[in-house]
Amino acid sequence: MLRDPETAPISEALRATLVFLRAMTLEPDALGVDHVAATRAAGVDREALRDAIYVATCFNVIVRMADALGFDLLDDEGYAKTAKMLLRFGYRM
């Protein structure tokens, strides 16, 4: 689905949102009103698009900071512990 949202068996709203977020992440200078119009035409309301932008922005910043600072990936045990913590506490800070 994430590799090719254009052909994935997903709703048009989700497809348009993923295409928008991909452009926002990989080609931010190309992002424009046409991308917003495509999401709106697919049934994505303003609040849903804003929420998607907020979430993607947070993850983009975190990933870029981690890459810049040379963070190591977790091993399988570390991922399992993190998953348990997220299931218990969520993303609240």
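Residue numbers (my numbering): 50 to 142.
The beta-carbon is built from N, C-alpha and C at its ideal position, and this holds for glycine as well.
Note that the coordinates shown come from a computational prediction; the quantities given were computed from them, not determined experimentally.
Asked, Found
"What residue range does the alpha helix (DSSP H) around L123 cover?", "It is not in any alpha helix (DSSP H) - L123 carries neither H nor E in the DSSP assignment."
"Alpha carbon to alpha carbon, how far is D121 from A72? Give it in angstroms, no decimals.", "27 Å"
"From the DSSP output, in three-state form, read off L80 for me.", "coil"
"Buried or exposed, going by whether 16 or more other CB atoms sit within 10 Å of the CB of A132?", "exposed"
"Here's the rule: buried if 16 or more other CB atoms are within 10 angstroms of the residue's CB, otherwise exposed. What is F69?", "buried"
"Could you check where the alpha helix (DSSP H) with V68 kicks off and where it finishes?", "61 to 75"
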